[in-house]
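**Q**
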Amino acid sequence: MEQDSTDGVVIKQETVEPVELESRVIELCQETPKGITDALIMRHMPMVTAQQRAMAINRLLSTGRIDVLKGTGGLIYRLKDTQGTNVIKGADNQEKLVYQIITDAGNKGIWIRDIRYRCNIMITQLNKILRNLESKKLIKSVKSVAASKKKVYMLFNLEPDQSVTGGAWFSDQDFESEFVEVLNQQCFKFLQQKATTAKEAKQGPIAQRNASYASSKEVCKFITELGISKVQLSVADIETILNTLIYDGKVEMTVVASQSSSVEDSQTKLFRAVAPIMQPAGLMRIPCGVCPVFDRCHEGGAVSPSTCVYMKDWLEF
Amino acid sequence: MGGRGRGRGRGKPLSFDIESLGFQNKKELPKSKEEPPPLYPPLEFKPVPLQEGEEANYLLALKQEFRGSMRESPYFIKPQSAKKDIERYSDKYQLNGQNKRQGLGWTPDWNTFPKELRIREKKPKRLKLSVKPSLSGTKLKVKGQKGDAKEAENKLKQILQAEEDGEDDDDEDDEEEEKKKKEAEGEEEEEEELYDEEDIEEGTDYALSYFDNGEDYLDADDDALEDGPVY
Amino acid sequence: MAQSQVRLGGLLLQHQYGEIVENVGTFLASKGSFALRDITDGTKLGVNEVKKALCVLIQHNMMDFEKNRRGLIEYTVHINKVLLITRYPRYIYCAKTLYGDVGEFLVEELLSHGQMLMSQVCRRVSDRITQALEEGQSMDEFQVRKTFVELVKTHFLQRVASPPSDSGDNADSETELQVMEKEMFLIPPAMDIDYSKVHSSVTSSSKRKREDGEEGDKVAKRPRSTSPLSDEKNEDAPDKGVYWHVNFTRFHQFFRDQSVLSAVNSKIDRYACEIVRTMLRISEKTTVPLAPTTHPMSSHEIFQNLPPELDLNRQTLGEYLTLLAEDKTEIVNKAGESGGGMYVLNMQKALETLCKASIESVVQERFGSKCSRIFRLLLMKRHLEQKQVEDMAMIPAKEAKELLYKLFSENFVTMQEIPKTPDHAPSRTFYLFGINMHQVSRMLLDRCYKAMGNLISRREHENTENRRLVEKSQRVDAIAASLQSSGADTTQMSEVEEMITPPERQQLNKLKHDISKLEQSELQLDETIFLLESYLPGSAAMVMY
């Protein structure tokens, strides 16, 4: 447990290429269960340099997805059996049970407490088993964003689910609220600009409203071009941000049937900036509106209208 | 562990360049308080500004004028044993309505008001005087001195000065004043007498007092204007 | 009766009618209905003082009385009517915007006297205006009556319903008549505006401008003003027994309409606002006042009634109506397709929208943007778990938890426990957060009443603190005035004025500023009170007459 087990869990994907290369290698291994040679890989992927190939192999080895064996004509790579029993050679039944439970949890992982609950193994014993499995690089523990102190266990070679990593808004399990707020402001700015342009165009009322709408795709494009995000944000990510603007009361959303023929795109979400319908309430123009000790305030008390310092300050200007 | 290096560097927690957008560092979070909270903790949010404009100003003027005029209206009932501030010579210059009336000061339509609310009125001893504000008397005096306004002014100044000097022991004066007044009122009480019911029913008093007081009210209004804002 | 209301009512009564009325009003407001003797005992006031106070309250339509089973008259104070005092300037202002100076003075007079005969109030108003006019000009009382009739026609004024008489023997059938609802707005035949004989008698001698308050003139003015009235005693008044007072509900309806119009104006534009105004005007003829929705009206009908200066063609109107009907404020609903489209105004919904916006602004200004986001989110989604709030509002877990707790502890947000297991174990319980709009509105209304009381209280405090100085300045002003009238020269005048030292002058100015600011706040706070009262069912503002 003490060993740094989060190393392999770094979240954000990078360029697509190495990943593709790795999956091609895995595919080849699957086609040839007995194992493949370096030469075979070269034959199938002639464009790949030796260096790239070596990196992919190393990566697959380190994440425990393939094994390397010494064959007659050099090294042979073979798919690691992740189907339990074969892998855990010499493991006892308890270890197998725990491994199975963790396998079932998939890439969402499972808390140690839930493992215990399922297998009924003493905590000290369970810890030992988990340490054991971890050192064999069969499983790993991942910090979950749901609760910063809790770790979940999953198979070593799995990419943690977004519910564990938090997705685009998380960096090392930390929610990047500043990032969210900046996006919130930028999206609003964009929509506001659009509304202003629509107003200035002096068209009919309907045309003006329609011109003030922007689809989430459009907003997404704007944000991407703005280049403020180092992470590629999806349209869904931007919609999440746009929704916060709805909850801020600054934006309205409407759904229209789109021209696109594909099924998923049959509806388009349109957003537009709207003006507030009224000024802040009269109550909020006086100190009593914002007073934190209002309930303690009464004439003759320690806090009272006559002695109120908020009133005094407020009357000063 | 060949996989390291994927994802973002650890040193940089933000996935965007905050300075490039002209933002300052993150806002300071409110510190947790350990000492007992102060009586008036600092405000986290300030009230928004009041609305201004012609309408707001007019409404304010209406409000202040209405309030001022109600003070002078017959509906504003002062306690009979009115706690009056120390009587000053210069009070004569003030037009703030002392309620000189012993009765209601206005007359309800007894056809619709419960008759049990009729008041036995004091027989007005000096009816004429009690109806007119003390101003008229003063007025004459000042007019008499018309030729020598300077003298009058000096005199008034002296009076003011004297009053100011005497302010410290005002409270005692107040009490004494009140005692005297109460005694005086006791005497007057005995002179109280029930008005003839018929008299009221007839309405002679009715119309008179109603409108008379209305006039009082109007004048008071003018006075309020003249005296400047009503505080 | 809520304590904050009783306190505020007391303060208002004290300022308007003095502390005796305050004592009686507060006693009845907090204790219930009582007979004269009980009030005297309960307030420890003299019987005459209590009688005076009761008369004032009845005169100003703030009190009802009724004979109980033992034959005693019991008095009930209507604190809701008392609380309307804060709104008096707005009623007067509203009458001014609709009916000019005459309307303004009519409503002002009626509010200062509670109830008056039409003949009385019209006479007084024409005199008042005449005084304000240039020398030689005068206000035709007939014009005043015309405005009065207009105000009655539009229901801004109504008759005072005569209470049942306490003495059965006095059987004057005309005055004892219970004014039926439809007669509430009936001008007595004698006061019909065709009756214009008064005409000539009013255009009399020269009157002074109102602001010309020269003392000598004022004293002389008194008999002159009284004389035309003296031959018209109330008993002989052609409309005797028919008293009028301000119909607050009608004013409130107007205020409600104004806030809806202003919302449409800021949300869409001036044209949309004028269209809704036209719809409101049309519905005045077809719909009972204060109905939650209006009768449907066709696009054609709306087009016919648009003010010509708006210069809106039929197609654009159609577009605006579509826009309005599709807007999230839901003030305008489409009710059908006939006549180029049928539309209704949903005033109840509009009020709800306004009230929501108002409460949201409270959350925003008191707790900040993040809380306001959470608040709106909960309003939209009704019930959410903390985790859902975090995810949807995109606020970090710890902060979201703190903010939710803050809103919860300040009673803006409710929490519901839904146990998953019968043992109610906290770990297996859902906690659903939500918002009860009525509860929040009520809480805020109460806060407003208390805040209003605080403002008045503070004003009183400022006055007390500066009483000596104010008295001094009043005396100096009085001296200056009398000196001026006796022909003092400027040096003398300035000497008198110098009796107030510069620091004193400064303090007086500060006081004036503070008082004005506090009073301006009272007026603006009342707007929030009005909105919340209108939204909450059964509250004072929107009770049918």
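Protein chains in written order, with full-length UniProt numbering: chain A, 1 to 317; chain B, 1 to 231; chain C, 1 to 545. Where is the CB? At the ideal position from N, CA and C, for every residue including glycine.
(1) For Gly71(A), I'd like the list of residues in its chain whose CB is within less than 8 Å of its CB, leaving aside the five on either flank, ordered along the chain.
(2) Closer than 9 Å between beta carbons: that is the criterion. Which residues of the region 54-84 of chain B meet it against chain A?
(3) Alpha carbon to alpha carbon, how far is Thr414(C) from Ala425(C)? Give it in angstroms, no decimals.
(4) Helix, strand or coil: which one does DSSP assign to His78(C)?
(5) Since Cys371(C) meets chain B, which of its residues come closer than 8 Å, beta carbon to beta carbon?
(6) With DSSP collapsed to three states, give me the class of Glu200(A).
(7) Run through chain B and tell me which residues come within less than 8 Å of Phe65(C), C-beta to C-beta.
(8) Any idea if Ile123(A) is buried or exposed, counting beta-carbon neighbours within 10 angstroms, 16 or more meaning buried?
(9) Any idea which residues DSSP pairs Glu252(A) with across the strands?
(10) Roughly how many whole angstroms lie between the Cα atoms of Asn265(C) and Leu323(C)?
(11) Measuring CA to CA, which of Val47(C), Ala95(C) and Ser4(C) is closest to Val21(C)?
(12) Quick check: is the beta carbon of Gln137(C) nearer than 8 Å to any beta carbon in chain B?
(13) Within 10 angstroms of its Cβ, does Met297(C) collect 16 or more other Cβ (buried), or is it exposed?
(14) Tell whether a beta-carbon distance below 8 Å holds between Leu508(C) and Leu469(C).
(15) Within 10 angstroms of its Cβ, does Glu533(C) collect 16 or more other Cβ (buried), or is it exposed?
(16) Pull the bridge partners of residue 326(A) from the DSSP assignment, please.
(17) Ser141(A) lies in the beta strand (DSSP E); which residues open and close that run?
(18) Applying the 10 Å Cβ sphere with the 16-neighbour rule, what's the burial state of Ile418(C)?
(19) If I measure Cβ to Cβ from Leu283(A) and keep anything under 7 Å in the same chain, skipping five residues before and after, which residues do I get?
(20) Would you say Arg458(C) reaches chain B, if we count a Cβ-Cβ gap shorter than 8 Å as a contact?
(21) What residue range is occupied by the uninterrupted alpha helix (DSSP H) comprising Glu301(C)?
(22) Using DSSP with H/G/I as helix, E/B as strand and the rest coil, what is Phe76(B)?
(23) Exposed or buried, which one is Gly100(C) when buried takes at least 16 other CB atoms within 10 Å?
(24) Between Met118(C) and Val242(C), which are expected to be in contact by the criterion C-beta below 8 Å, what is the C-beta distance as a whole number of angstroms?
(25) Answer with yes or no whether the minimum CB distance from Pro276(A) to chain B is below 8 Å.
(26) How far does the alpha helix (DSSP H) with Met452(C) in it extend, from its first residue to its last?
(27) Going along the chain, which residues of its own chain have a beta-carbon closer than 8 Å to the beta-carbon of Leu111(C), five neighbours each way excluded?
(28) Residues in its own chain within less than 6 Å of Leu151(C) by CB, not counting five upstream and five downstream?
(29) Determine the contact status of Cys119(A) and Ile101(A), defining contact as a CB-CB distance below 8 Å.
(30) Just how far apart, CA to CA, sit Val231(A) and Phe188(A)?
(31) Using only alpha-carbon positions, find the residue among Val24(C), Val102(C), Glu19(C) and Leu133(C) that is nearest to Val144(C).
(32) From the beta carbon of Pro108(B), is the nearest beta carbon of chain C less than 8 Å away?
(33) What are the residues that DSSP puts in a beta bridge with Ser215(A)?
(34) So for Trp111(A), helix, strand or coil by DSSP?
(35) Which residues, in order along the region 24-52 of chain C, keep a beta-carbon less than 7 Å from a beta-carbon of chain B?
(36) Could you give the distance in angstroms between the alpha-carbon of Gly147(B) and the alpha-carbon of Leu83(C)?
**A** Taking the definition as stated:
(1) Gly35 and Thr37
(2) none
(3) 20 Å
(4) Coil.
(5) Residues of chain B passing the Cβ test: none, with the nearest at roughly 10 Å.
(6) helix
(7) Chain B residues near Phe65(C): Pro114.
(8) Exposed.
(9) Arg272(A)
(10) Each residue's Cα considered, the two are about 13 Å apart.
(11) Val47(C)
(12) no
(13) buried
(14) The answer is yes: Cβ separation under 8 Å.
(15) By the neighbour-count criterion, in which 16 or more other beta carbons inside 10 Å mark a residue as buried, Glu533(C) falls on the buried side.
(16) Residue numbering for chain A in the displayed model covers 1 to 317; residue 326(A) lies beyond these limits and cannot be assessed.
(17) Ile139 to Lys143
(18) By the 10 Å Cβ count, Ile418(C) comes out exposed.
(19) Within the same chain, Leu283(A) has close Cβ partners Gly289.
(20) no
(21) Ser299 to Asn305
(22) coil
(23) exposed
(24) 7 Å
(25) no
(26) Met437 to Glu465
(27) Tyr88, Tyr91, Ile92 and Val246
(28) Leu157
(29) yes
(30) Rounded to whole angstroms, Val231(A) to Phe188(A) spans 20 Å at the Cα level.
(31) Val102(C)
(32) yes
(33) Leu270(A)
(34) Trp111(A) falls in the strand class under three-state DSSP.
(35) Leu36, Gly46, Asn48, Glu49, Lys51 and Lys52
(36) With a pLDDT of only 45 at Gly147(B), under the threshold of 50, the placement of this residue in the model should not be trusted; the figure read from the coordinates follows. If I take the Cα positions, the gap works out to 53 Å.
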